[in-house]
Structures are given as C-alpha cells and as structure tokens.
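In this note's numbering, the protein residues as written are 4 to 182. Below is one structure, written out as structure tokens; comments come after it.
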C-alpha cells in the first residue's frame, strides 16, 4: 500500500514512533476496504492491518517476515502506536483514482511537538522506481534466511544480480538446492 511508502519516506527524514501523537491515513475506497484488521491478533491479520504496518515501519524502519508471525503480533510491541493511527476512506482520493493506476494514500502525522507532517504517496513500495537496491537486498536476505540454500547467500545474491547478462540460467541455479 502507498501508505507504507509514506511511512518509509517519513522514517527516512527522521520521524520515529516516539515522535507521533496521532496519524491519520486517507485511502481510496478499495484500499480502505482491504484493510480489515485495525487491531490484529494474528500474523495473518497483521498483513491486512494498515495500522500494524505503519506502526512497524515507524518503530523498526522495516517490515520483514518475522514481523508477521503470531508471536510478533502477540508481543504487543506496536500496540501503543497502533492505537494512535486512524485509517479512513477519502472520497476525493477515490474520485480522482483512474482505473489501472496505483491507489494513492495521504498520511498526516501530528507530532508530540505539535508539528503537522503531510506525506502523499502515489505508489506502494515495490512498484517500479520505488524500491531502492538496499530495500531489495534487505528483502532478499530476509527471505533467504529461511530457505535451504547451500553456500553463502551473499554470493548467491551477487550472482543473481547478473541475471540480465546471464547466458544460461542453470548457472545461477547452482547453490539454490539444499543438501
């Protein structure tokens, strides 16, 4: 969701969970309808909780696979910030939406010092042009840390980075199968 991109952008400029008094997130009707769990109780529900995702980004700077486990949600580490995040449908965003385009989000943060920060994001992280190489590598490491890979995952990542120039993809597959 674009609002996760907004949270990442605000985090990059120094906003942290400790700075937040309130957050208001405005979404299109479809995006709002997909966010069914404002207060998740399981890892699966957390994947459909914008409050949980925004709180995770502002608290930890990143969301990984471990953040969406039942244990992570049950820990309550994000609960205090989740309670200060409101998500709502904005008819103006829905009206301006053009079919086939990304659905934007507008995040308004009121800080504890009284400042008001507004971040509009047009596309979610992972959309073309929105994922930095560092983000891709973090996601790669997170995923690879759970698989059966023979060898060094960093070396494998370096090899995969050359896939565009590779004449035989089978060469890249060496090391992907567990022993």
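In this text, a Cβ means the ideal position worked out from N, Cα and C, and glycines have one as well.
- Straight across, the Cα-Cα distance linking residue 96 with residue 112 is about 18 Å.
- Here the C-alpha atom of residue 48 lies approximately 20 Å from the C-alpha atom of residue 8.
- In this chain, the alpha helix (DSSP H) harbouring residue 144 covers 136-147.
- The Cβ atoms of residue 68 and residue 14 do not sit closer than 7 Å to each other.
- Residue 18 and residue 72 have their C-alpha atoms roughly 25 Å apart.
- Taking 7 Å as the cut-off, the beta carbon of residue 124 is found no closer than this to the beta carbon of residue 29.
- Per the coordinates, the alpha-carbon of residue 42 lies some 21 Å from the alpha-carbon of residue 93.
- With a 10 Å radius around the Cβ and a threshold of 16 neighbouring Cβ atoms, residue 70 comes out buried.
- Taking 7 Å as the cut-off, the Cβ atoms of residue 162 and residue 87 do not count as close.
- Check the Cα spacing between residue 109 and each of 27, 20, 16: the tightest is with 27.
- Around residue 35, the same chain offers 92 as residues with beta carbons nearer than 6 Å, after the five sequence neighbours per side are excluded.
- DSSP, reduced to helix, strand and coil, places residue 30 within a strand of the structure shown.
- Annotated as distal: residue 33 and residue 54, with beta-carbon spacing of 7 Å or more.
- It is roughly 44 Å from the alpha-carbon of residue 83 to the alpha-carbon of residue 166.
- Around the beta carbon of residue 122, a 10 Å sphere encloses 16 or more other beta carbons of the protein chains shown; the residue is thus reported as buried.
- Counting only residues of its own chain and dropping the five nearest sequence neighbours on each side, residue 76 has a CB closer than 8 Å to the CB of 43, 44, 45, 46, 48, 49, 55.
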